[in-house]
Amino acid sequence: MSLTRAQVSHIAELAKLELTDSEMERMTEQLSAILEYAERLNQLETSAIAPTASVIPNQNIMRPDIVTPSLTRAQVMQNAPDTDANREFLRVRAILEE
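Quick note, the working numbering runs 19 ahead of the 1-based positions in the sequence shown.
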């Protein structure tokens with residue numbers, strides 16, 4: 020399928036792109052080549068391939084869930100830039116606009 024210059028101009032307008040004449044010519048060729056390749060892919064027989072088929076084997080890449088000790092409140096507050104008077108809570112700058 021070959022695109023016309025007008026079709027590429029319309030695509031560029033939808034994408035809010037301003038293309039020069041040389042860019043328009045190049046994009047016409049490149050987009051037409053992409054569509055031709057997609058058309059070739061559409062001609063492949065895929066009815067025997069399961070929709071969930073994958074070319075790589077499925078592997079669980081998650082690490083084991085191992086419980087480890089966490090920081091104590093005192094350790095966390097030690098590194099906090101701003102806390103309340105009793106050093107029980109972290110203070111953060113407000114991020115909401117009024």
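Cβ coordinates follow ideal geometry from the N, Cα and C atoms, glycine included. None of the values given here were measured: they were computed from a predicted structure.
Proximity to residue i [Cα-Cα], best of the options
{"i": "S41", "options": "Q49, K35, A34", "result": "Q49"}
{"i": "F108", "options": "I114, P100, L115", "result": "P100"}
{"i": "M43", "options": "I30, M81, L54", "result": "I30"}
{"i": "N105", "options": "R92, I114, A113, E116", "result": "R92"}
Inter-residue CB distance, residue i and residue j (contact presumed, cutoff 8 Å)
{"i": "V74", "j": "M46", "result": "Rounded, the Cβ-Cβ distance is 31 Å, inconsistent with contact."}
Identified DSSP bridge partners for residue i
{"i": "T102", "result": "L109"}
Close beta carbons around residue i, own chain, < 8 Å, minus the five adjacent residues each side
{"i": "S51", "result": "M20, S21, L22"}
{"i": "P83", "result": "none"}
Coarse secondary structure for residue i, derived from DSSP in three states
{"i": "D84", "result": "coil"}
{"i": "T71", "result": "coil"}
{"i": "M20", "result": "coil"}
{"i": "L115", "result": "coil"}
{"i": "S41", "result": "helix"}
{"i": "A34", "result": "coil"}
{"i": "E64", "result": "coil"}
Spatial neighbours of residue i in its chain, beta-carbon cut-off 7 Å, leaving aside the 5 residues before and after
{"i": "R110", "result": "D101, T102, D103"}
{"i": "E58", "result": "M20"}
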